[in-house]
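Novice: In UniProt numbering, the protein residues as written are 1 to 307.
Below you will find the structure I want to go over with you.
Below, the structure is given as structure tokens:
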């Protein structure tokens with residue numbers, strides 16, 4: 001009967017905690033700007049309400065608070081080593097909530113190149129919804145030690161670069177102008193406007209093409225451009241490359257994409273190369289057979305002369 005009373009009070013407290021969370025959830029969300037912090041506050045409220053009714057039930061069945069605390073202390077000391085990783089994840093979770101390296105809804109990139117959106121941040125783990133339609137659940141002590149790139153922290157605009165190599169005979173100035181014009185035609189690309197400020201530096205918002213390097217096969221032109229959102233970077237890059245290709249093909253200008261040329265020169269110092277062909281091999285076999293036939297005829301004539 002005592003155990004049943006304790007279970008009933010605990011279940012009632014759990015159900016009441018869900019109702020309390022629904023009741024104060026909107027006010028908590030308005031009070032805290034960060035969604036992850038608001039969710040942790042609501043989880044804490046649910047746990048406190050459930051614990052309160054559990055303690056009431058424990059008091060009714062004769063369990064004193066001192067005995068409960070002593071039992072919990074002894075139990076925690078016994079399994080402390082087993083729960084050490086869990087405690088580490090919880091501590092790191094508190095640091096993540098305090099440091100604010102990312103927030104629910106941000107797009108991040110992990111050290112292995114995996115990209116995804118933050119779906120949930122708890123005290124123990126961080127849940128990531130990847131671009132491959134899969135979930136990653138990473139303990140907080142692991143993800144806090146990794147190098148995580150936040151692609152949509154405050155300003156979602158992201159700068160990309162693209163290298164195009166043209167021949168030395170090409171009109172480099174015209175090539176730069178055409179590449180910039182082609183990039184501005186892509187919808188995802190920011191075509192102009194005020195300079196984008198990063199720290200104390202300012203960068204042009206429009207696509208800009210620079211002479212990057214004088215390579216062996218041609219001049220390398222590097223295009224730098226900004227995209228509105230980092231969610232489809234590969235798609236935006238492909239569209240820019242397609243636009244540049246079409247622009248250079250349509251315009252009747254002296255611009256040619258460079259590619260390696262190799263010239264093989266043979267002279268007196270190059271040595272000799274033996275090339276065996278099928279016809280040469282057949283001709284050699286026929287000549288050998290003819291020589292053997294002539295030798296056989298001569299031997300027959302000598303034998304008849306001896307007779």
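For glycine and all other residues, C-beta sits at the position ideal for the given N, C-alpha and C.
Since this is a predicted model, take the numbers as computed values, not measurements.
So residue 225 and residue 183 are supposed to be a Cβ contact under 8 Å. How far apart are they, rounded?
Specialist: If you number the chain shown from 1, residue 225 lands on position 225. If you number the chain shown from 1, residue 183 lands on position 183. Indeed, because the Cβ distance is near 5 Å, the residues count as touching under 8 Å.
Novice: Which term fits residue 126, buried or exposed, when burial requires 16 or more other beta carbons within 10 angstroms of its beta carbon?
Specialist: Working through the chain shown from its first residue, we reach residue 126 at position 126. Buried: at least 16 other Cβ atoms inside 10 Å.
Novice: With a cut-off of 8 Å, do at least 3 Cβ pairs link the stretch 183 to 196 to the stretch 167 to 174?
Specialist: As far as the Cβ criterion goes, the stretch 183 to 196 does not touch the stretch 167 to 174, which means the pair count is below three.
Novice: Taking the beta strand (DSSP E) that residue 159 falls in, what are its first and last residues?
Specialist: On the chain shown, residue 159 is found 159 positions in, with the first residue counted as 1. Its beta strand (DSSP E) spans residues 158 to 166.
Novice: If you reduce the DSSP assignment to three classes, tell me which class residue 14 lands in.
Specialist: On the chain shown, position 14 is the one that residue 14 refers to. The answer is helix: DSSP assigns residue 14 an H, G or I state.
Novice: Check this for me: beta carbons of residue 108 and residue 115, under 9 Å apart or not?
Specialist: Counted from its first residue, the chain shown places residue 108 at position 108. Counted from its first residue, the chain shown places residue 115 at position 115. Contact: yes.
Novice: For a minimum of 4 consecutive residues, which ranges assigned as the alpha helix (DSSP H) are wholly contained in the stretch 219 to 254?
Specialist: Listed in chain order, they are 233 to 250.
Novice: Residue 114 lies in the alpha helix (DSSP H); which residues open and close that run?
Specialist: Residue mapping note: residue 114 aligns to position 114 of the chain shown, counting from 1. Segment: none, residue 114 is in no alpha helix (DSSP H) and carries neither H nor E.
Novice: For residue 132 and residue 52, what's the separation of their Cα atoms in angstroms?
Specialist: Against the chain shown, residue 132 aligns to sequence position 132. Against the chain shown, residue 52 aligns to sequence position 52. Answer to the nearest angstrom: the Cα atoms are 43 Å apart.
Novice: Report yes if the C-beta distance between residue 253 and residue 151 is below 9 Å; otherwise report no.
Specialist: Against the chain shown, residue 253 aligns to sequence position 253. Against the chain shown, residue 151 aligns to sequence position 151. Contact flag unset, no.
Novice: I need the straight-line Cα distance from residue 54 to residue 238, nearest angstrom please.
Specialist: Numbered from its first residue, the chain shown carries residue 54 at position 54. Numbered from its first residue, the chain shown carries residue 238 at position 238. Their Cα atoms are separated by approximately 60 Å.
Novice: Quick check on this structure: which residue in 104, 180, 27, 9 has the alpha carbon closest to the alpha carbon of residue 246?
Specialist: Start at 1 with the first residue of the chain shown, and residue 246 comes out as number 246. It is 180 whose Cα lies nearest to the Cα of residue 246.
Novice: Please determine, among 164, 243, 198, the residue with the shortest C-alpha to C-alpha distance to residue 215.
Specialist: The residue labelled residue 215 in the question sits at position 215 within the chain shown. Residue 215 has its Cα closest to that of 164, out of 164, 243, 198.
Novice: Taking residue 129 as the reference, which of 90, 106, 144 has the closest Cα?
Specialist: Reading the chain shown from its first residue, position 129 is the one you call residue 129. The candidate whose alpha carbon is nearest that of residue 129 is 106.
Novice: Could you give the uninterrupted runs of the beta strand (DSSP E) lying entirely in the UniProt domain "Mechanosensitive ion channel MscS" (86 to 152), keeping only those of 3 residues or more?
Specialist: Runs of the beta strand (DSSP E) inside the UniProt domain "Mechanosensitive ion channel MscS" (86 to 152): 107 to 109, 115 to 121, 125 to 130, 135 to 139.
Novice: Can you check whether the CB of residue 230 is closer than 9 Å to the CB of residue 156?
Specialist: For the purposes of this step, residue 156 is taken as the residue at position 156 of the chain shown. For the purposes of this step, residue 230 is taken as the residue at position 230 of the chain shown. Yes, the Cβ-Cβ distance between residue 156 and residue 230 is below 9 Å.
Novice: For residue 184, which three-state DSSP category applies?
Specialist: The residue you call residue 184 lines up with position 184 of the chain shown. If DSSP states are grouped into helix, strand and coil, residue 184 belongs with the helices.
Novice: Kindly indicate which three-state DSSP category residue 190 falls into: helix, strand or coil?
Specialist: Taking the chain shown and counting its residues from 1, the one referred to as residue 190 is at position 190. Coil.
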